[in-house]
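In our numbering, the protein residues as written are 21 to 349.
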């Protein structure tokens with residue numbers, strides 16, 4: 021029953037949170053941040069829509085670019101596919117024809133900078149970008165602006181150190197701090213119902229070059245403070261650049277040194293394959309209700325996370341809502 025409730029709560033949180041933009045970067049007086057609600061699914065959103073009647077008017081051609089940081093995860097493909105889908109829809113409503121050029125940096129910061137220069141040279145009027153490194157991307161944002169092109173920080177934020185021309189024209193992101201916060205709130209409530217107090221936290225910290233990882237850390241700390249668990253020890257396991265294997269390798273010695281830990285948060289359940297392997301090897305991978313269960317919350321609800329939630333290994337999770345990014349971009 022609790023697992024069913026957790027799934028329902030996660031889906032409810034998708035509609036409540038995932039389309040919200042984050043705080044603008046410091047010095048970002050020119051930056052706009054999307055803070056609108058959910059648009060639902062593509063089918064629900066545009067099922068009854070019809071293209072605008074442009075008569076004999078020739079469609080206006082616009083070239084745009086999408087500099088993807090990676091396409092290793094299903095969600096990343098969804099970010100790109102939904103953007104193309106939504107651009108086609110919006111263009112048809114307004115008498116435009118959009119050509120979207122998509123590049124893939126394949127987790128290479130230098131390549132992403134090169135990709136953006138190539139999109140500038142290709143004549144793109146707007147460039148969307150989920151940045152690999154929130155600090156390194158600032159020079160690329162400035163290059164885009166120097167070329168008179170609009171820069172949209174898409175699904176990820178640039179560093180809050182951004183100033184002047186380093187500040188994106190628009191940031192479209194989900195409320196990643198709230199993802200962690202509400203996931204942990206639900207987790208602590210489940211623990212309270214079970215009569216269990218946190219003894220020690222394990223924090224599988226996400227990619228430290230991604231502002232979403234830092235936002236989620238703030239959400240985790242907010243929930244811990246709100247529930248009065250500030251004095252409970254927290255042991256961190258770093259996860260590289262959202263790498264499940266790295267997460268598992270770093271988590272293994274943490275588990276060995278802290279077998280009494282009974283509560284865990286992961287910045288993303290994309291890391292769950294590595295987490296599962298490390299916990300199985302440590303003899304700590306147990307379903308809710310079984311002896312030795314480690315209460316576990318994670319953000320995103322990737323397929324493996326959904327599976328673990330249904331099976332009872334993970335207790336709570338909050339989705340990110342990929343389609344809403346495209347709608348509000």
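Even for Gly, the Cβ is constructed at its ideal location relative to N, Cα and C.
Computed from a prediction, not measured in an experiment: that's the story for all the values here.
Would you kindly report the start and end of the unbroken alpha helix (DSSP H) that includes residue 261?
-> The residue you call residue 261 lines up with position 241 of the chain shown. Premise fails: residue 261 is in no alpha helix (DSSP H) and is neither H nor E.
Contact check, residue 83 vs residue 144, beta carbons under 8 Å | The residue you call residue 83 lines up with position 63 of the chain shown. The residue you call residue 144 lines up with position 124 of the chain shown. Yes, they are a contact pair.
Apart from the five residues on each side of it in sequence, which residues of its chain come closer than 7 Å, Cβ to Cβ, to residue 247?
-> In the chain shown, residue 247 corresponds to position 227, counting from 1. Closer than 7 Å at the Cβ level, and outside the excluded window around residue 247, lie 208.
Can we say the stretch 201-217 touches the stretch 173-183, given the rule of at least three CB pairs closer than 8 Å?
-> Here the stretch 201-217 makes no contact with the stretch 173-183; the two share fewer than three CB pairs at distances below 8 Å.
Excluding sequence positions up to five away, which residues of its chain have a Cβ less than 6 Å from the Cβ of residue 233?
-> Position 213 of the chain shown holds residue 233. The answer, listed in chain order, is 226, 227, 287.
Three-way DSSP call (helix, strand, coil) for residue 152 in this model = Reading the chain shown from its first residue, position 132 is the one you call residue 152. Looking at residue 152 - three-state DSSP - the assignment turns out to be coil, as it is neither helix nor strand.
From the DSSP output, which residues share a beta bridge with residue 317?
-> The residue given as residue 317 occupies position 297 in the chain shown. Paired residues: 285, 336.
Terminal residues of the beta strand (DSSP E) in which residue 84 lies = Taking the chain shown and counting its residues from 1, the one referred to as residue 84 is at position 64. Counting along the chain, the beta strand (DSSP E) containing residue 84 begins and ends at 80-88.
Is residue 125 closer than 8 Å to residue 90 when the C-beta atoms are compared?
-> The sequence position of residue 90 within the chain shown is 70, counting from 1. The sequence position of residue 125 within the chain shown is 105, counting from 1. For residue 90 and residue 125, yes; Cβs fall inside 8 Å.
Euclidean distance between Cα positions of residue 131 and residue 317 = As a working mapping, residue 131 is identified with position 111 in the chain shown. As a working mapping, residue 317 is identified with position 297 in the chain shown. Taking the straight line joining both Cα atoms gives about 34 Å.
Given residue 48, which residues of its chain have a CB within under 7 Å of its CB, disregarding the five upstream and five downstream residues?
-> On the chain shown, residue 48 is found 28 positions in, with the first residue counted as 1. The predicted model places residue 48 with a pLDDT of 35, which falls under 50 and marks its position as unreliable, so this point remains unresolved.
Take every Cβ of the stretch 277-292, pair it with every Cβ of the stretch 309-316, and state whether three or more of those distances are shorter than 8 Å.
-> yes
Strand pairing of residue 178, partner residues [DSSP] = Numbered from 1 along the chain shown, position 158 holds the residue referred to as residue 178. BP columns for residue 178 are empty, so no partner.
C-alpha distance - residue 200 paired with residue 319, whole-angstrom precision = By one-based count along the chain shown, residue 200 stands at place 180. By one-based count along the chain shown, residue 319 stands at place 299. Each residue's Cα considered, the two are about 6 Å apart.
Can the beta-carbon of residue 100 be found less than 8 Å from the beta-carbon of residue 322?
-> Here residue 100 refers to the residue found at position 80 when the chain shown is read from its first residue. Here residue 322 refers to the residue found at position 302 when the chain shown is read from its first residue. Not closer than 8 Å, so no.
What separation, rounded to the nearest whole angstrom, lies between the Cα atoms of residue 338 and residue 243?
-> Here residue 338 is taken as the residue at index 318 of the chain shown, counted from 1. Here residue 243 is taken as the residue at index 223 of the chain shown, counted from 1. In a straight line, the C-alpha of residue 338 is about 14 Å away from that of residue 243.
Close beta carbons around residue 170, own chain, < 6 Å, minus the five adjacent residues each side | Residue mapping note: residue 170 aligns to position 150 of the chain shown, counting from 1. Hits under 6 Å: 146, 189.
Tell me where the alpha helix (DSSP H) around residue 213 begins and ends.
-> Counting from 1 along the chain shown, the entry for residue 213 is found at position 193. Segment 196-213, the alpha helix (DSSP H) holding residue 213.
If we count the other Cβ atoms within 10 Å of its Cβ and call it buried at 16 or more, is residue 95 buried or exposed?
-> Residue numbering aside, residue 95 sits at position 75 when the chain shown is read from its first letter. Buried, since its Cβ has 16 or more Cβ neighbours within 10 Å.
What residue range is occupied by the uninterrupted alpha helix (DSSP H) comprising residue 134?
-> For the purposes of this step, residue 134 is identified with residue 114 of the chain shown, where counting begins at 1. Counting along the chain, residue 134 sits inside the alpha helix (DSSP H) bounded by residues 129-141.
With a 10 Å radius around its C-beta and 16 neighbouring C-beta atoms as the bar for buried, classify residue 340 as buried or exposed.
-> Here the question's residue 340 lines up with position 320 in the chain shown. Answer is buried; the Cβ neighbour count reaches 16.
Report buried or exposed for residue 161, applying the criterion of at least 16 other Cβ atoms within 10 angstroms of its Cβ.
-> Working through the chain shown from its first residue, we reach residue 161 at position 141. Buried, since its Cβ has 16 or more Cβ neighbours within 10 Å.
Could you check which residue in 270, 206, 219, 155 has the C-alpha nearest to that of residue 239?
-> Taking the chain shown and counting its residues from 1, the one referred to as residue 239 is at position 219. Among 270, 206, 219, 155, the Cα nearest to that of residue 239 is on 206.
Report the option in 328, 222, 297, 158 whose CA atom is closest to the CA atom of residue 266.
-> For the purposes of this step, residue 266 is taken as the residue at position 246 of the chain shown. The shortest C-alpha separation from residue 266 is found at 297.
Which residues in the same chain have their Cβ closer than 6 Å to the Cβ of residue 157, if we skip the five residues on either side of it in sequence?
-> What you label residue 157 is simply residue 137 of the chain shown in a count that begins at 1. Excluding residues within five positions, the ones whose Cβ falls inside 6 Å are 151, 178.
Determine the closest residue to residue 220 out of 230, 252, 193, 197, with distance taken between C-alpha atoms.
-> Residue mapping note: residue 220 aligns to position 200 of the chain shown, counting from 1. Measuring from the Cα of residue 220, the nearest candidate turns out to be 252.
Give a yes or no on whether 8 Å exceeds the smallest Cβ distance from residue 101 to chain B.
-> This model lacks chain B altogether, as it is built from one protein chain only.
Residue 222 - containing alpha helix (DSSP H), residue span = As a working note, residue 222 is residue 202 in the chain shown. From DSSP, residue 222 is part of no alpha helix (DSSP H) but of the beta strand (DSSP E) over 221-225.
Tell me, which residues are paired with residue 322 by DSSP?
-> For this step, residue 322 is matched to residue 302 along the chain shown. Per DSSP, none; premise fails for residue 322.
Three-state secondary structure (DSSP) at residue 252?
-> One-based indexing of the chain shown puts residue 252 at position 232. It is coil, neither helix nor strand.
Please work out which residues of its chain come closer than 7 Å, Cβ to Cβ, to residue 335, disregarding the five sequence neighbours upstream and downstream, and give them in chain order.
-> Within the chain shown, the letter at position 315 stands for residue 335. Once the five neighbours on either side are set aside, the close Cβ partners of residue 335 are 26, 207, 210, 308, 315, 316, 317.
Secondary structure of residue 26, DSSP reduced to three states | On the chain shown, position 6 is the one that residue 26 refers to. Unreliable placement is indicated for residue 26, whose pLDDT of 38 sits below 50; the coordinate value is still reported in the next sentence. Under the three-state reduction of DSSP output, residue 26 falls in the helix class.
For residue 5 versus residue 139, is the C-beta spacing smaller than 8 Å?
-> Since the first residue shown for the chain is 21 and the last is 349, residue 5 is missing from the structure and cannot be characterised.
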